[in-house]
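Participant:
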Amino acid sequence: MWNEEQIEEYLKNNLSESRYNHSLSVRDTAVMLARKHGEDELKARIAGLVHDCAKNKNNKEVVEIVEENGYNIDMVCKNSPDLLHGLAGAIIAKNLMGIQDEDVLNSIAYHTTGRKEMSLLEKIIYIADYIEPLRKFPGVDNLRETVQKDLEEGILLSFNNTINYVISLGQLLHMDTIEARNYLIIKKCRWRYGKTE
Ligand SMILES: [Fe+2]
Ligand SMILES: [Fe+2]
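Following my numbering, the numbering of the sequence shown begins with 1192 at its first residue and continues without gaps.
#1: For the candidate residues 1369, 1335, 1295 and 1315, whose alpha-carbon lies nearest to that of residue 1241?
#2: Closer than 7 Å to a non-hydrogen atom of ligand 2 - does that hold for the CB of residue 1217?
#3: Report yes if the C-beta distance between residue 1217 and residue 1239 is below 8 Å; otherwise report no.
#4: My guess is that residue 1349 and residue 1334 are in contact by the Cβ rule of under 8 Å, so how many angstroms apart are they, rounded?
#5: In chain order, which alpha helix (DSSP H) runs of at least 4 residues are fully inside the stretch 1299-1327?
#6: Any idea what DSSP makes of residue 1391, helix, strand or coil?
#7: Would residue 1301 and residue 1277 be called neighbours here (beta carbons separated by less than 8 Å)?
#8: Quick check: what's the CA-CA separation for residue 1351 versus residue 1267?
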């Protein structure tokens, strides 16, 4: 497996400067959240650093990477190929960088859409990507505060933000995000009201 220096060198050569700085910032935010929630700090560090390694590839390139590695591209991703930079990134992380840990690879693959039943590491990378200190969008401070109090509440809020934003642009919603949101809401309702069945 590549060491961090090799990974950083790759990112420097393959990402824009702002995307490279974002990657370092996600790494640090992910480590902070891992420490707080008892996740493996090294896994969080590597997943955070690598998560956007395919971000500066164009649509044709990410589609090629994904198809060459035997994945079927669903209808939504066919029409919004940028969603594939997570999966393409996980493929690069495995095949080029030699990262084997499935949880790290899944955290990279699902950092854009989320999915139902996310692992703790997947949640950490998803939300670290959203709230790292260089991010600036309306509501980000409120989101950061919510994440500090309740990680899942923060993730739910970010799904709501993303879904509203995607609708405002008239773009396609990915089912993984909808399923991830439904899953968290159902989980939270059980916690609030007890099991109903
Ligand atoms: Fe990304
Ligand atoms: Fe990112």
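Just so you know, even glycine gets a beta-carbon here, dropped at the ideal spot from N, CA and C.
Facilitator: By the coordinates alone:
#1: 1295
#2: yes
#3: yes
#4: 6 Å
#5: 1311-1322
#6: Any property of residue 1391 remains undetermined from this structure, which presents the chain solely from 1192 to 1388.
#7: yes
#8: 19 Å
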